[in-house]
Every structure is written in structure tokens, then in C-alpha cells.
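Data block below; observations after.
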Amino acid sequence: MEAEKILSWFQDNGVNSKKAIVLSNVPVDVSNENLYHILDDVEVFGRSKVRGRCLAPIGKSQSILIEISNDINVVKIPEQVGVIGEVAPWLVSIASEAPPSTIPTEEDDFQAKLMKFRANEGKTLADMKGLVKPVTPSPAAPDLNTQLVNAISSLVEKCQFAKVENQV
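With the first letter of the sequence shown counted as 1, position 26 gets the number 34 in the numbering used here; the numbers rise by one all the way through.
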């Protein structure tokens, strides 16, 4: 689900975006009781309350708006909730709003775009790790001065060796 839609859903239901998540890929037959039982195991959420449900346009799944008692901590919020007996995990999405007093930096802008792309594609950060190759620094090529010094040293060694052979 797109970040804008999530934020709009929060606002339409009067839910503070700093205390809410959206679970996607949840089967339509999951009861609130089972949902609460599963979410209670995720300590970072605290207590949870179902505030809305939205059927997925394709398939037999839904997205569920969950209000949580703890503030959202982007670092600690899991990307997905694994459920025993389910084929696929439930994806966890949040809507992040930058405070109006902060001016985003170029790095923040990139991260926001990356997170928006990830959310739009329904991918987790773990999925994206496979797309990015680690950057390995290439060995620095010797500069011209180093090459010149090496060439002169080699030439001097050859000259000294040749002079010793002629004297013998």
C-alpha cells in the first residue's frame, strides 16, 4: 500500500500516524481475536486495536489498520510478521511524516524515495538487499610520481649490476 494512501487512511479513521501500522497480505478469514493474539507477541507494538480493514483488489487478502500503544520506532518495527501456518508473512507498513520544521537533506530525500519505492512495490528491506551489490573499493592506481620513482630505481639497479659484471 502506498505511503500516501496509508496516511490518508490514518487521517480518515482519526488515528495518529505515529501510533499506527498497516498489516498487508492478511487472509480475509483472520478474526480480531487471532490477530490480537499474534500481535501481542510483537513487543514493539505494545497493545493493539483494529481500526479498519480493506480488501485487496486481487486475491483473498486484506490490509488491516492497527492502532498501537507504543510510538513508532522505525528501527525496531519489523518489516513483516511471520505467522505459523500462513504461506506468506504479513507485511508491516507505516506512514512517516517529516516534521514541518525540518529541512530534508539530500540523503533524507533519497531514503524517503527509496522507502516509497519499496512500499509501492510491496517489498521489504530484506528483498532489496539482494538488489544492491556491495561496493568494493578498487585498488588505487599508482600515481605518476610513484611510477617514475619505481622506473628510476629499476634503472639504477640495472646500471649497478651491469657495472659490477664489467669489473670482474
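In this text, a Cβ means the ideal position worked out from N, Cα and C, and glycines have one as well.
Extent of the continuous alpha helix (DSSP H) run through residue i
i, result
"residue 42", "40-48"
"residue 12", "11-20"
Euclidean distance between Cα positions of residue i and residue j
i, j, result
"residue 103", "residue 71", "14 Å"
"residue 58", "residue 118", "32 Å"
"residue 51", "residue 76", "11 Å"
"residue 159", "residue 88", "60 Å"
"residue 84", "residue 66", "30 Å"
"residue 98", "residue 120", "22 Å"
"residue 101", "residue 36", "18 Å"
"residue 125", "residue 11", "10 Å"
"residue 79", "residue 39", "25 Å"
"residue 155", "residue 166", "17 Å"
"residue 60", "residue 14", "11 Å"
"residue 18", "residue 68", "23 Å"
"residue 184", "residue 123", "Coverage of the chain is limited to positions 9 through 176, which leaves residue 184 absent and any answer about it impossible."
"residue 157", "residue 163", "10 Å"
"residue 54", "residue 92", "20 Å"
"residue 56", "residue 81", "15 Å"
Residues sharing a beta bridge with residue i, DSSP
i, result
"residue 94", "According to DSSP, which records beta bridges pairwise, residue 94 is partnered with nothing at all."
"residue 88", "99"
"residue 60", "73"
Whole-number beta carbon distance between residue j and residue i, since they are thought to touch under 8 Å
i, j, result
"residue 21", "residue 73", "6 Å"
"residue 33", "residue 127", "Not really, about 13 Å apart at Cβ, beyond 8 Å."
N- and C-terminal bounds of the beta strand (DSSP E) containing residue i
i, result
"residue 28", "28-35"
"residue 72", "69-76"
Stretch pair the region 19-27 + the region 37-48: three plus CB contacts closer than 8 Å: These segments do not touch.
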